[in-house]
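Heads up, the thing below is written out as structure tokens.
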Amino acid sequence: MSEPDEHSKKQGPLVYRQSVWTRLTHWTWAICLFFLLLSGLQIFNAHPALYVGQQSGFEFDNSVLRIGAVNTPEGPRGQTTVFGRTFDTTGVLGMSGTAEAPQYVGFPPAVTIPSFRDLATGRVVHFFFGWLLVAALFVWFLASFINGHLRRDILPRGADISGLPRDAMDHARFRFHHGRQYSPLQKISYFSVFFILFPLIVLTGLTMSPGMDAAFPWLLDLFGGRQTARTIHFGVMTLLVLFFVVHIIMVLLAGPLNELRSMVTGWYRTSPGTPPEAGDKP
Ligand code: HEM
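Here it is in structure tokens:
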């Protein structure tokens, strides 16, 4: 075997890692999720409380989250109650804005679309990007099934499960290996996004639609009614926001230029020692 030359000691080959379908759908749902999040918070603000179960009544409180404003001896305050525990969230939730012009809304205007109260526009924006997301996911599943991305990079195998603790330790120590394929942790987190989070958020969204309930009544049984579906929808949104934050931190730590290049042009610079294959660039 020949000795590696100086160039390949410093860096591995440039590999074509992301197909045009992966890239197009990735940026489509990144844009969709931005608009869905902000218009979703506008819709949530119309009734800033979440419930579990199908019962209701004046003496009955099955809320798991409630955001609002209350009058106190010191003046109005924003309050958030989560699973029965109440927190003062003045300035962020329930009451925001300036002392001269306070806003008594669930989430502040800075994180809603539109920024002022407009449920109708919020719903139009939400449903438009919701269906665009569904279309992008459909294209992603079809293309990834046909071009092998699903089997090769997303579906975790036995070796990925057994390699997970070591990969998690490497990530925790900021030791990133830039391989031809995703690492076990990447595979498992992307698998969870595609097979748990995205399907759950779409199905619970459909469960809240009276038209869809008429066509598919089993949705209501599956999620325990519209209110519980709304709570799950909100919970999955929170998990997607957490995923997004960790995703961006990982992209920044792993080398943002190389990572971004792979999601824009498809080409990815691998770590030194990666064996070259046909079609790679030096
Ligand atoms: C809501 C926003 C986002 C979501 C839900 C999301 C989700 C994902 C998923 C599921 C993948 C795997 C795709 C596949 O292999 O088919 C991926 C890959 C990737 N994403 Fe995102 N993404 C988001 C935003 C972003 C943003 C803003 C950036 C850039 C700053 C970014 C950079 C990347 C890169 C570089 C990859 C390549 C895979 C890797 O090396 O780990 N993503 N993203």
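Its first residue numbered 13, the sequence shown is counted upward by one per residue in my numbering. Think of the CB as a built atom: it goes at the ideal place given N, C-alpha and C, for glycine as much as any other residue. Just so you know, these numbers come straight off a predicted model, no measurement behind them.
Whole-number beta carbon distance between residue j and residue i, since they are thought to touch under 8 Å
{"i": "Q66", "j": "G134", "result": "26 Å between Cβ atoms; not a contact."}
{"i": "V151", "j": "W33", "result": "7 Å"}
{"i": "R35", "j": "V276", "result": "7 Å"}
{"i": "L131", "j": "A81", "result": "That belief does not hold up - the Cβ atoms of L131 and A81 are roughly 19 Å apart, past 8 Å."}
{"i": "V76", "j": "F99", "result": "Contact doesn't hold; Cβ gap of about 14 Å is too wide."}
Residue i versus residue j - alpha carbon distance
{"i": "L48", "j": "S195", "result": "29 Å"}
{"i": "H259", "j": "L251", "result": "12 Å"}
{"i": "L234", "j": "D73", "result": "23 Å"}
{"i": "G24", "j": "D182", "result": "19 Å"}
{"i": "T40", "j": "G142", "result": "11 Å"}
{"i": "G267", "j": "F46", "result": "23 Å"}
{"i": "G164", "j": "D172", "result": "First, the amino acid is wrong: residue 164 is Arg here, not Gly. Whole-angstrom Cα-Cα distance: 12 Å."}
{"i": "L144", "j": "V214", "result": "11 Å"}
{"i": "S68", "j": "H38", "result": "41 Å"}
{"i": "I125", "j": "R169", "result": "41 Å"}
{"i": "A290", "j": "S274", "result": "18 Å"}
{"i": "A184", "j": "H190", "result": "16 Å"}
{"i": "T286", "j": "R178", "result": "19 Å"}
{"i": "R97", "j": "W230", "result": "34 Å"}
{"i": "Y202", "j": "A122", "result": "29 Å"}
{"i": "I261", "j": "I79", "result": "30 Å"}
{"i": "L62", "j": "F70", "result": "16 Å"}
{"i": "E112", "j": "V253", "result": "32 Å"}
{"i": "L269", "j": "I208", "result": "29 Å"}
{"i": "F153", "j": "S204", "result": "14 Å"}
{"i": "T110", "j": "A42", "result": "32 Å"}
{"i": "S174", "j": "F228", "result": "40 Å"}
{"i": "S127", "j": "G223", "result": "28 Å"}
{"i": "V263", "j": "F157", "result": "25 Å"}
Beta-carbon contacts of residue i that lie in its chain and below 8 Å, excluding the five residues immediately before and after
{"i": "S31", "result": "A155, N159, H161, G278"}
{"i": "M220", "result": "R238, A241, R242, H245"}
{"i": "L265", "result": "F186, F188"}
{"i": "D225", "result": "T219, L231, L232, R238"}
{"i": "F56", "result": "G118, F119, F246"}
Cβ-Cβ distance between residue i and residue j below 8 Å
{"i": "T84", "j": "G106", "result": "no"}
{"i": "L212", "j": "V248", "result": "yes"}
{"i": "I200", "j": "L167", "result": "no"}
{"i": "S51", "j": "V117", "result": "no"}
{"i": "G87", "j": "G103", "result": "no"}
{"i": "K22", "j": "P284", "result": "yes"}
6 Å CB neighbourhood of residue i in its chain, flanking five on each side removed
{"i": "V27", "result": "R192, Y280, T282, D292"}
{"i": "P288", "result": "P25"}
{"i": "S108", "result": "Q115, P120"}
{"i": "C44", "result": "F141, L144, L145"}
{"i": "P60", "result": "I79, G118"}
Which listed residue (the options) has its alpha carbon closest to that of residue i
{"i": "G236", "options": "E289, Q115, F228, V64", "result": "V64"}
{"i": "F140", "options": "G217, W230, I79, F207", "result": "G217"}
{"i": "R29", "options": "E271, P294, P284, G285", "result": "E271"}
{"i": "T312", "options": "P288, F119, A113, E112", "result": "Outside the modelled stretch of the chain, which goes from 13 to 294, sits residue 312, for which no answer is possible."}
{"i": "F206", "options": "F255, F56, L62", "result": "F255"}
{"i": "L197", "options": "A42, S204, A180", "result": "A180"}
Residue i beta carbon near the ligand PLP (any heavy atom closer than 7 Å)
{"i": "T40", "result": "Ligands in the displayed structure: the ligand HEM; the ligand PLP is not one of them."}
7 Å CB neighbourhood of residue i in its chain, flanking five on each side removed
{"i": "F210", "result": "L149"}
Residue i at chain B interface by Cβ criterion, 8 Å
{"i": "D292", "result": "Among the chains in the structure shown there is no chain B, since it carries only a single protein chain."}
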